[in-house]
Every structure is written in structure tokens, then in C-alpha cells.
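> Quick note, the sequences are listed as chains D and W, same order.
Note that the first sequence ends on residue 116 in the numbering used here; no numbers are left out.
Note that the second sequence ends on residue 833 in the numbering used here; no numbers are left out.
Glycine residues also receive a C-beta, built at the ideal position from the N, C-alpha and C atoms.
Since the structure is predicted, the reported quantities are computational estimates derived from the model, not experimental observations.
Dropping the structure in here first, questions after.
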Amino acid sequence: QQPVQSPQAVILREGEDAVINCSSSKALYSVHWYRQKHGEAPVFLMILLKGGEQKGHDKISASFNEKKQQSSLYLTASQLSYSGTYFCGTEIVGSGNTPLVFGKGTRLSVIA
Amino acid sequence: DSGVTQTPKHLITATGQRVTLRCSPRSGDLSVYWYQQSLDQGLQFLIQYYNGEERAKGNILERFSAQQFPDLHSELNLSSLELGDSALYFCASSASGGRGHEQYFGPGTRLTVT
């Protein structure tokens, strides 16, 4: 039930936009997005709880399509500081306390 | 700074040994999670504690165990260490033990087994 992220890696020039996708084979209760810089801890970006929900954080936003069981993270006008690995984590619908399951990550490199 | 602390930062030990990793959650957070991250791998969930009780278990090896103490700090014990146990170990905390709550990660402990 690990979510699948795409692309695996992307290289951008400063100012360009990117989209990172996260899809699940199971019905989702929530989608979490984290960014991790090399050698550091993952940092929470945002959580989406409802289908159709969209959230924004500076120039980073995300959407959650409950029917398609997927979420997308949008990075607009990328900055050097956006470089890192982005992980989505998903909680599936169901009984019990299912833990957050992370995808394998998308490595984003922003170059000048 | 997430407010979650982990010690030690680095640990180098030999195969067959036992180590203990320590985590203190953010003030007020009752839930602690442990994750393992190997080179170029994602975050693998190991175990969750909520207010001293085990709440959820992932693919944690039998050689690994954890506990959460009354002051809410948690320890992850790794025994009979193997080379493949070399990884970054993160703990995270959240206010609630339920779903739909963000987790805040500590800086991690880098374990090297030689």
C-alpha cells in the first residue's frame, strides 16, 4: 500500500514550475507532504484531509483528488531553497490505526 | 528546529552489539513514531507509541524493540546488530495518536554498523 510518486527526480531552473504526483491503490483518508534536505530531517509542508481540498504554503500548493486516490504538489516559480526530496505520506481509509506510509520520494534539484 | 530531540546524533558500533536510541517529543505531544531510512530509501515506519502505550506496529524486526516512558520520551533498542541495520533512524512526534495529524521529525540518529 505504499503510494507511488512521480517523477522520481526532476531538475529545474530557478523560476520554473514543477508538479509532483502521489497516487495510491487504496482509498485515502489523508495525504501528507514533507520535504527533506540531504542529511536533515523531513519537514512538514501540509496535510490534506478532504477530497478536493487544496492548500498553499508560500508558492507551494497541493490538491487532493479523493476519487482518483491521488494528490499533486505544485511548486511555482521555484527557488534554490526548494531543492530536496519531497515525500508524500498517505493514511488509508479503514478501521484501526493505520500508520502513515511514505512514498519513495521525488528528488527535486533547482539550479541557477 | 522541530522541537523533537534525538540522541546520539551518530553511533558507530560492531555487528552483534546492542544500542539504544533516545527521543524526546515536542512539548505537549503524546505520540512518538520511529522510522528507519536507508540509503536512497524512503521512510519505513517501525512503531508508534501514544501516551506510553504501543499504538501501531510496522515492519519492525524482532531484534528491535521500543518503549515510551511516563515522561513521554521514547527509546528504540536495536540488538544483535547486522550490517544491514546501518541507516538513519528518525523519531517524530504528534499531538494526537490518531490519523490526520502532522508529524514533526527529530534530527535523526545515524547508525553505522561495522
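In terms of residues, what are the limits of the beta strand (DSSP E) holding arginine 745/W?
Taking the second sequence and counting its residues from 1, the one referred to as residue 745/W is at position 26. It is not in any beta strand (DSSP E) - arginine 745/W carries neither H nor E in the DSSP assignment.
> Alpha carbons only, please: which of Ala45/D, Lys63/D, Lys41/D is nearest the one belonging to glutamate 18/D?
Mapped onto the first sequence, residue 18/D falls at position 14. Nearest option by C-alpha distance: Lys63/D.
> Within this structure, are the beta carbons of glutamine 83/D and valine 47/D separated by less than 8 angstroms?
Translated into the one-based positions of the first sequence, residue 83/D becomes position 79. Translated into the one-based positions of the first sequence, residue 47/D becomes position 43. Their beta carbons are not under 8 angstroms apart, which means glutamine 83/D does not touch valine 47/D by this criterion.
> If you check the beta carbons only, do serine 750/W and tyrosine 768/W fall under 8 angstroms apart?
On the second sequence, position 31 is the one that residue 750/W refers to. On the second sequence, position 49 is the one that residue 768/W refers to. Result yes, Cβ atoms of serine 750/W and tyrosine 768/W sit closer than 8 angstroms.
> Out of curiosity, what's the CA-to-CA distance linking serine 721/W and histidine 61/D?
The residue given as residue 721/W occupies position 2 in the second sequence. The residue given as residue 61/D occupies position 57 in the first sequence. The alpha-carbon atoms of serine 721/W and histidine 61/D are separated by roughly 17 angstroms.
> Pull up the distance between the alpha-carbon of threonine 724/W and that of histidine 792/W, whole angstroms please.
On the second sequence, position 5 is the one that residue 724/W refers to. On the second sequence, position 73 is the one that residue 792/W refers to. Approximately 10 angstroms, taken between the alpha carbons.
> List, from N- to C-terminal side, the beta strand (DSSP E) runs of 3 residues or more that fit wholly inside the segment 47-83 of chain D.
Taking only runs of at least 3 residues, the beta strand (DSSP E) segments lying wholly in the segment 47-83 of chain D are 47-52, 58-61, 64-69, 74-79.
> Within 10 angstroms of the Cβ of aspartate 21/D, are there 16 or more other Cβ atoms? Answer buried if so, exposed if not.
In the first sequence, the residue the question calls residue 21/D occupies position 17. With fewer than 16 Cβ atoms within 10 Å of its Cβ, aspartate 21/D is classed as exposed.
> Do phenylalanine 91/D and tyrosine 33/D have their C-beta atoms within less than 8 angstroms of each other?
Start at 1 with the first residue of the first sequence, and residue 91/D comes out as number 87. Start at 1 with the first residue of the first sequence, and residue 33/D comes out as number 29. Their beta carbons are not under 8 angstroms apart, which means phenylalanine 91/D does not touch tyrosine 33/D by this criterion.
> Determine the closest residue to alanine 31/D out of Gln5/D, Ser10/D, Gly43/D, Ala116/D, with distance taken between C-alpha atoms.
As a position in the first sequence, residue 31/D is number 27, starting the count at 1. Here the closest residue by C-alpha is Gln5/D.
> Is the beta carbon of glycine 88/D closer than 8 angstroms to that of phenylalanine 106/D?
Sequence index remark: in the first sequence, residue 106/D carries index 102 (1-based). Sequence index remark: in the first sequence, residue 88/D carries index 84 (1-based). In this structure, glycine 88/D does not lie closer than 8 angstroms to phenylalanine 106/D by Cβ.
> What ranges does the beta strand (DSSP E) occupy inside the segment 779-827 of chain W, keeping only unbroken runs of at least 3 residues that lie completely in it?
Complete beta strand (DSSP E) runs here, min 3: 783-787, 793-797, 806-813.
> On the CB-based measure, 16 or more other CB atoms within 10 Å of its CB, does glutamate 781/W come out buried or exposed?
Position 62 of the second sequence, counting from 1, holds the residue named residue 781/W. Glutamate 781/W comes out exposed.
> Should phenylalanine 48/D be flagged as near chain W, meaning a C-beta pair shorter than 8 angstroms?
Looking up residue 48/D in the first sequence gives position 44. Judged by the 8 angstroms Cβ criterion, phenylalanine 48/D is in contact with chain W.
> For glutamine 12/D, count the other beta carbons within 10 Å of its own beta carbon; 16 or more makes it buried, fewer makes it exposed. Which is it?
For this step, residue 12/D is matched to residue 8 along the first sequence. Glutamine 12/D should be labelled exposed.
> How do the segment 795-804 of chain W and the segment 731-741 of chain W stand: do at least 3 beta-carbon pairs fall below 8 angstroms, yes or no?
Yes, the segment 795-804 of chain W is in contact with the segment 731-741 of chain W.
> I'd like to check one pair, threonine 828/W with leucine 730/W: are the Cβ atoms closer than 8 angstroms?
Here residue 730/W is taken as the residue at index 11 of the second sequence, counted from 1. Here residue 828/W is taken as the residue at index 109 of the second sequence, counted from 1. Contact: yes.
> If the cut is a Cβ gap below 8 angstroms, which residues of chain W does leucine 53/D touch?
Your numbering for residue 53/D matches position 49 in the first sequence. In chain order: Gly819.
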